[in-house]
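Read left to right, the sequence shown gives residues -3 to 215 (my numbering). Please read the structure below before turning to the comments.
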Amino acid sequence: MKKYYLLSFLGIVLLGVFLACSDEEEVPPGTETVVPGTDHNILIAYFSEPIPDGVDANSSASRVVVDGELYGSVEYMAAVIGEATGGDMARIRTAQSYPGNYDDLAAQADEERQSDARPELSTVIENFDDYDVVFVGYPIWWYQMPMAMYTFFDTYDFAGKTIVPFSSHGGSGWSGTLGVITELEPDATLVTGRSVSRGGVAESEEGILQWLQDIGIVE
């Protein structure tokens, strides 16, 4: 019996270590720790889907309630970043809306992943060239970025720009997406990002603000 409890305890400890490290995994070589230069024109571009019908906002993996306000998990992170930096906001939307039912939404996201789809975007950022720092936010869907993010990176020229990623996840951390971004945008500079477990997004403001100071984008 003691051996059983010891093994269970060790399993819990190892799981905790894995989850604690998952946000720091797979940082690509050459990633900058601070945003280079000063006097930036900042864009916060993020993908965040509405809560599916019939899903409790307090327990949903995609939504959080903060001070009585309902947000998408990535939407809330973007709001904190926008308020702190004064950057312009752009929500990345698809031309075809996702299903309101949770199971159908998950099924469509998986189908897009398996077919390597590039969903058409309705979002148009006319003055994208004006920005030198682009915060890019997304949830982890099926262990990778939503396929709409691939469309986003295909659509805009990030050459010479600084990309600052942020993400919410359900336990998988970045799930290899940082390496994907460097492959998609080899002529951009990637700066250390911030990935938050969805269960901790509602209490993530302090950590996000500290991260923004650490990368030198705010004082």
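Note that beta-carbon positions come from the ideal geometry of N, C-alpha and C, so glycine has one too. In this text the structure is predicted, and so the values were computed from the model without any measurement.
Spanning the alpha carbons of Ser118 and Gly212 requires a straight line of approximately 32 Å. For Ser111, no beta strand (DSSP E) run applies, since DSSP gives it neither H nor E. Sequence-distant Cβ neighbours of Gly78 in its own chain, meaning closer than 6 Å and more than five residues away, are Ile40 and Met85.
With a 10 Å radius around the Cβ and a threshold of 16 neighbouring Cβ atoms, Pro115 comes out buried. Nearest Cα to Tyr72 within the set Tyr134, Leu186 and Gly175: Tyr134.
Residue pairing by DSSP places Gln140 opposite Trp137 in a beta bridge. Cβ-Cβ distances below 8 Å link Arg109 to Trp137, Trp138, Gln140 and Met143 in the same chain, with the five nearest sequence neighbours on each side left out; the list follows chain order. For Val197, the CB contacts under 7 Å within the same chain, skipping 5 residues up- and downstream, are Val60, Ser69, Tyr72, Met73 and Ser164 in chain order.
Only exposed fits Ala91, as fewer than 16 other CB atoms lie within 10 angstroms of its CB.
Membership of Asp84 in the beta strand (DSSP E) is indicated by the continuous run Asp84 to Arg87. Taken atom to atom, the span from the alpha-carbon of Arg194 to that of Gly166 is near 6 Å.
Where Ile159 is concerned, the enclosing beta strand (DSSP E) starts and stops at Thr158 to His165. Straight through space, the alpha carbons of Ile88 and Val23 are spaced by roughly 24 Å.
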